[in-house]
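Undergrad:
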Amino acid sequence: MEQVIANGLYLGAQYALIALGLTLIFALMNVLNFAHGQMYVLGGFITYTVYGQLGLPFVVALLASGVTLAVIGALMEKFLFRTVIRRSHREESTMLLAAATAFFFDAVILLLFGEKQRGVPKIVKGVFNEAGIIMPYDRMVVGVLAIVFIAAFVLYMQYSRVGRAMRALAQDRVAAQLMGVRVDRYSMIGFAMGAMLAGVVGGLLVTITGVNSGIGGPISIKAFLMVMIGGAGVVGGAIAGGFILGMMESVGLTVLREYGDITYLVIFAALMVFLSIRPNGLMGKPWG
Amino acid sequence: MTRNRNMKIASVAAFLAIVFIAVPAAISGSGRFDLYYTLTSVALLSIASAGVWLTFYIGRINIGQGAYALMGGYVSAILVMNYGWSFWLTLPVAGLFCAAASVLIGLPILRLRGVYFAMVTLVLTEVARLLALALPITNGAKGIVSIPLPGALSVFGLTIIPDFATLQNSRLAFYLLAVTLMVVCFGVMYRLVNSRIGKLCQSLQQNEELASSIGVNIASLRIIAYAVSSFFGGVAGAIFAAISQSIYPSSFTVTDSVNFMLNCFLGGLGYVFGPMLGTLVLYFGWDLLFQTGQFQLLIYSGLMIVLMLVLPNGLLSLAASIRKKA
């Protein structure tokens, strides 16, 4: 029982961090970033290269992942999404662009890093084993780090000037512009931050689960799930969705073990029922 | 007005002549019989994409067509294999089964909008795959294999369609079947879009509250459009299962669902024939790039990004802008 909860919390922390980036981009731009999972994979591979191959400290590797992805995110917003949003009749057109960038990242990752599963040496050795809970120390470190990042992100959004501007933008783009918020600039910063979060989680988790070029799509789907549970475009919703999915996965894998591999089927079915009752998730804004 | 009408009839006739006469003649002339398979796939995928386009037409982003294609494939395969039905009977049944399922699924989820609907339908594709893996009747990951080719279809003793297994060139038969269905499908679509229902659907796309407030029954319209869309998906999936003579849980995945959507985007969301053109270009583009080996995906996605930047409203918007200038 305690083990299940501990696993759920650990999964939830990392999931919430993934969902935060996705929801931030959605809130600011109304873009569903299909490439989020691929960004995560890219972040993982950068940490693998810097920490696993070059042997630099883990913090440097994590930083490299974050910064690289932030730059990529900013460039994507400036040169791709902004242009398409301006020229297109329907805002759904950005989905084609997002899907195309997802394919593009897949191709680039495959060419640069190959298709092998990659792992790095553990950052902390040893296993915590007390009070009925068994948890390797490195998982605890990653879980705690994820929670620290989430807290930092929430505080930044709440109290910094940039965060305030982005929240205004998410609420009402036109009104924010009229109040003198530089919409283009903050969209770019927001996209960069969302991409950075994906990269950082990828870097964190490469130390535990490793990374391979094929997991981008499944990660994106998981991120979509969390965002839907919590409500698209809401920071609190993404965090709640992440922890709920983490818990459901942890509980499901224990309870439904004897019925075979149906945890995700049950989660999906539950989600559809839930969404038909609450179409906007737990705290989403209406009509996403 | 009559001139416009004559133009339309002429272009339809030209199109029919190309797909039914010119293409088979060209293929048998050049000996590239593998092209039949490619073109059959294009025709079938464009039917499924047409369904997706119809949901776009009511203002919903549908990334769940793969689920219905898979469902249609399995329904047809199970009926043929376990119950000994004729393929020709399973074809409409597969479509109707998918339409019925889509009504049940659509009732709750069509209330969702925007990205919520998009994401739920994406999840639906995953659900279909996981169900196919978990259910006993679908035979799990092993799938259903060695499905017999479609048999003869005769009405009152008159053979309309010969047994595919006895044909020398079953590829040509499948090509003609797929293309015929494609023509029928796009004919239906064109008729639907230019009918009263089509106009009502357009009002849904623009503003559902407003449409509802002036007496449009938005709930039933949404269901109708979604059911027709799923019908197309199911039929396409059923023929795919018959051509490959097998169906697996991984026959239609999230990637396929996304591709159906991309076909619509690429062709142009504002044009009925957009999905057909989009499918043709994307499928052939992918095939042509095969020679580039490991760079295939890179070039393909790169081109798609560029295309999106240059023509964000689809390929057919190019034709429209030329016509406007002329």
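If you're matching them up, the sequences are chains A and B in order.
If you want the working numbering, it's the position in the first sequence, counting the first as 1, plus 114.
If you want the working numbering, it's the position in the second sequence, counting the first as 1, plus 393.
Glycine residues also receive a C-beta, built at the ideal position from the N, C-alpha and C atoms.
1. Return the residue from the list B:520, B:587, B:606 that minimises the CA-CA distance to residue 381 of chain A.
2. Can you check which of these residues, B:570, B:665, B:410, B:536, is closest to residue 591 of chain B by C-alpha distance?
3. Give the straight-line distance between the Cα atoms of residue 130 of chain A and residue 593 of chain B, rounded to the nearest whole angstrom.
4. Among all the DSSP beta bridges, which residues are the ones paired with residue 244 of chain A?
5. Between residue 634 of chain B and the rest of its own chain, which residues show a CB-CB distance below 7 angstroms, the 5 nearest in sequence each way excluded?
6. In the DSSP assignment, find the unbroken alpha helix (DSSP H) run with residue 501 of chain B in it and report its ends.
7. In the stretch 613-696 of chain B, which residue ranges form an unbroken alpha helix (DSSP H) of at least 4 residues, counting only runs that do not cross its ends?
8. Tell me, to the nearest whole angstrom, how far the beta carbon of residue 675 of chain B is from that of residue 655 of chain B; I am working on the premise that it is less than 8 angstroms.
9. Go ahead and label residue 397 of chain B buried or exposed: buried means 16 or more other beta carbons lie within 10 angstroms of its beta carbon, across all protein chains shown.
10. Where do the N-terminal and C-terminal ends of the alpha helix (DSSP H) with residue 342 of chain A fall, by residue?
11. Look at the alpha carbon of residue 284 of chain A and the alpha carbon of residue 409 of chain B, and state the distance between them as a whole number of angstroms.
12. Which one of B:573, B:496, B:605 has the shortest CA to CA distance from residue 621 of chain B?
13. Given that residue 388 of chain A touches chain B, what residues does it touch there, using C-beta distances under 7 angstroms?
14. Exposed or buried, what is residue 414 of chain B when buried is set at 16 or more other beta-carbons lying within 10 Å of its beta-carbon?
15. Chain B beta carbons: is any one of them nearer than 8 angstroms to that of residue 154 of chain A?
16. Mind reading off the beta-carbon distance from residue 386 of chain A to residue 530 of chain B? Whole number of angstroms is fine, and I expect it under 8 angstroms.
17. For residue 313 of chain A and residue 182 of chain A, which I take to be in contact (beta-carbon distance under 8 angstroms), what is that distance rounded to the nearest angstrom?
18. Got a sec, what are the start and stop residues for the alpha helix (DSSP H) residue 417 of chain B sits in?
19. What do you reckon, are the CB atoms on residue 416 of chain B and residue 432 of chain B nearer than 8 angstroms?
20. Assuming contact is defined by CB atoms lying nearer than 8 angstroms, are residue 443 of chain B and residue 579 of chain B in contact in what I supplied?
21. Residue 523 of chain B: buried (16+ other C-beta within 10 angstroms of its C-beta) or exposed?
22. Residue 296 of chain A by DSSP, collapsed to three states: which one?
23. Under a three-way DSSP split, which group does residue 451 of chain B fall into?
24. Any residues in the stretch 589-614 of chain B with a beta carbon nearer than 7 angstroms to a beta carbon of chain A? Which ones, in chain order?
25. How is residue 232 of chain A classed by DSSP in three states: helix, strand or coil?
26. What distance in whole Å lies between the Cβ atoms of residue 597 of chain B and residue 617 of chain B, which are believed to be in contact at a cut-off of 8 angstroms?
27. When you compare the CB of residue 698 of chain B with every CB in chain A, is at least one pair closer than 8 angstroms?
28. Of all the options B:447, B:439, B:638, which has the alpha carbon lying nearest to the alpha carbon of residue 537 of chain B?
29. Judging by CA-CA distance, which residue of A:295, A:242, A:277 is the nearest neighbour of residue 121 of chain A?
30. Short of 7 angstroms Cβ to Cβ, which residues in the stretch 326-338 of chain A face chain B?
31. For residue 461 of chain B, which residues from the same chain have a beta carbon less than 6 angstroms from its beta carbon, with the 5 sequence-adjacent residues on both sides left out?
32. If the criterion is Cβ atoms closer than 8 angstroms, does the pair residue 701 of chain B and residue 214 of chain A meet it?
33. Excluding sequence positions up to five away, which residues of its chain have a Cβ less than 7 angstroms from the Cβ of residue 401 of chain A?
34. Beta carbon of residue 678 of chain B, beta carbon of residue 708 of chain B: below 8 angstroms?
35. Using C-beta distances below 7 angstroms, list every residue in its chain close to residue 146 of chain A, excluding the 5 sequence neighbours before and after it, in chain order.
36. Looking only at DSSP bridge pairs, what is residue 471 of chain B linked to?
TA: Considering the structure as presented:
1. Along the first sequence, read from residue 1 onward, the residue named residue 381 of chain A stands at position 267. Checking every option, the nearest Cα to that of residue 381 of chain A belongs to B:520.
2. The count along the second sequence starts at 1 and reaches residue 591 of chain B at position 198. The candidate whose alpha carbon is nearest that of residue 591 of chain B is B:665.
3. The count along the first sequence starts at 1 and reaches residue 130 of chain A at position 16. The count along the second sequence starts at 1 and reaches residue 593 of chain B at position 200. In a straight line, the C-alpha of residue 130 of chain A is about 41 angstroms away from that of residue 593 of chain B.
4. Locating residue 244 of chain A in the first sequence gives position 130, counting from the first residue. Beta-bridge analysis with DSSP links residue 244 of chain A to A:247.
5. Along the second sequence, one-based indexing puts residue 634 of chain B at 241. Cβ within range, chain order: 466, 469, 470, 540, 640.
6. Residue mapping note: residue 501 of chain B aligns to position 108 of the second sequence, counting from 1. Where residue 501 of chain B is concerned, the enclosing alpha helix (DSSP H) stretches over 480-502.
7. Within the stretch 613-696 of chain B, the complete alpha helix (DSSP H) segments of 4 residues or longer fall at 647-660, 667-681, listed in chain order.
8. Residue numbering aside, residue 675 of chain B sits at position 282 when the second sequence is read from its first letter. Residue numbering aside, residue 655 of chain B sits at position 262 when the second sequence is read from its first letter. Rounded, the Cβ-Cβ distance is 6 angstroms, consistent with contact.
9. Locating residue 397 of chain B in the second sequence gives position 4, counting from the first residue. Exposed is the call here.
10. Here residue 342 of chain A is taken as the residue at index 228 of the first sequence, counted from 1. Counting along the chain, the alpha helix (DSSP H) containing residue 342 of chain A begins and ends at 330-344.
11. Locating residue 284 of chain A in the first sequence gives position 170, counting from the first residue. Locating residue 409 of chain B in the second sequence gives position 16, counting from the first residue. Residue 284 of chain A and residue 409 of chain B have their C-alpha atoms some 50 angstroms from each other.
12. Position 228 of the second sequence, counting from 1, holds the residue named residue 621 of chain B. Residue 621 of chain B has its Cα closest to that of B:496, out of B:573, B:496, B:605.
13. Counted from its first residue, the first sequence places residue 388 of chain A at position 274. Taking a Cβ-Cβ threshold of 7 angstroms, none of the residues of chain B is close to residue 388 of chain A; the smallest such distance is about 10 angstroms.
14. For this step, residue 414 of chain B is matched to residue 21 along the second sequence. With fewer than 16 Cβ atoms within 10 Å of its Cβ, residue 414 of chain B is classed as exposed.
15. What you label residue 154 of chain A is simply residue 40 of the first sequence in a count that begins at 1. Not closer than 8 angstroms to any Cβ of chain B, the Cβ of residue 154 of chain A fails to qualify, so no.
16. One-based indexing of the first sequence puts residue 386 of chain A at position 272. One-based indexing of the second sequence puts residue 530 of chain B at position 137. Residue 530 of chain B and residue 386 of chain A do not touch by the CB rule: their CB atoms are close to 22 angstroms apart, not below 8 angstroms.
17. Against the first sequence, residue 313 of chain A aligns to sequence position 199. Against the first sequence, residue 182 of chain A aligns to sequence position 68. For residue 313 of chain A against residue 182 of chain A, the beta-carbon gap comes to about 7 angstroms, under 8 angstroms, which counts as contact.
18. Taking the first residue of the second sequence as position 1, residue 417 of chain B is located at position 24. Residue 417 of chain B -> alpha helix (DSSP H) spans 416-423.
19. Translated into positions along the second sequence, residue 416 of chain B becomes position 23. Translated into positions along the second sequence, residue 432 of chain B becomes position 39. In this structure, residue 416 of chain B lies near residue 432 of chain B, with their beta-carbon atoms less than 8 angstroms apart.
20. Within the second sequence, residue 443 of chain B is the residue found at index 50, counting from 1. Within the second sequence, residue 579 of chain B is the residue found at index 186, counting from 1. Taking 8 angstroms as the cut-off, the Cβ atoms of residue 443 of chain B and residue 579 of chain B count as close.
21. Stepping through the second sequence from its first residue, residue 523 of chain B is reached at position 130. So residue 523 of chain B counts as buried.
22. Stepping through the first sequence from its first residue, residue 296 of chain A is reached at position 182. Coil at residue 296 of chain A, not helix or strand.
23. Position 58 of the second sequence holds residue 451 of chain B. Of the three classes helix, strand and coil, the one that applies to residue 451 of chain B here is coil, per DSSP.
24. Residues passing the 7 angstroms Cβ filter: none.
25. In the first sequence, residue 232 of chain A corresponds to position 118, counting from 1. Here residue 232 of chain A sits in strand by DSSP.
26. Taking the first residue of the second sequence as 1, we reach residue 617 of chain B at position 224. Taking the first residue of the second sequence as 1, we reach residue 597 of chain B at position 204. The beta-carbon separation of residue 617 of chain B and residue 597 of chain B, rounded to 11 angstroms, does not stay under the 8 angstroms limit for a contact.
27. On the second sequence, position 305 is the one that residue 698 of chain B refers to. At least one chain A Cβ lies under 8 angstroms of residue 698 of chain B.
28. For this step, residue 537 of chain B is matched to residue 144 along the second sequence. The candidate whose alpha carbon is nearest that of residue 537 of chain B is B:638.
29. Locating residue 121 of chain A in the first sequence gives position 7, where the first residue counts as 1. If we check each option's Cα against that of residue 121 of chain A, A:242 comes out closest.
30. Going along the stretch 326-338 of chain A in chain order, one finds 331, 335, 338 with a Cβ nearer than 7 angstroms to chain B.
31. The count along the second sequence starts at 1 and reaches residue 461 of chain B at position 68. Excluding sequence neighbours, residue 461 of chain B sits near 491, 623, 626, 627.
32. Residue mapping note: residue 701 of chain B aligns to position 308 of the second sequence, counting from 1. Residue mapping note: residue 214 of chain A aligns to position 100 of the first sequence, counting from 1. Contact flag set, yes.
33. Translated into the one-based positions of the first sequence, residue 401 of chain A becomes position 287. Unreliable positioning characterises residue 401 of chain A in this predicted model, as indicated by a pLDDT of 48, which lies under 50. The coordinate reading is nonetheless provided below. When the five nearest sequence neighbours on each side are left out, no beta carbon in the same chain lies closer than 7 angstroms to the beta carbon of residue 401 of chain A.
34. What you label residue 678 of chain B is simply residue 285 of the second sequence in a count that begins at 1. What you label residue 708 of chain B is simply residue 315 of the second sequence in a count that begins at 1. The criterion of a C-beta distance shorter than 8 angstroms is not satisfied by residue 678 of chain B and residue 708 of chain B.
35. Mapped onto the first sequence, residue 146 of chain A falls at position 32. Excluding positions up to five away in sequence, the list reads 140, 209, 212.
36. In the second sequence, residue 471 of chain B corresponds to position 78, counting from 1. In the DSSP output, where bridge partners are listed per residue, residue 471 of chain B has none listed.
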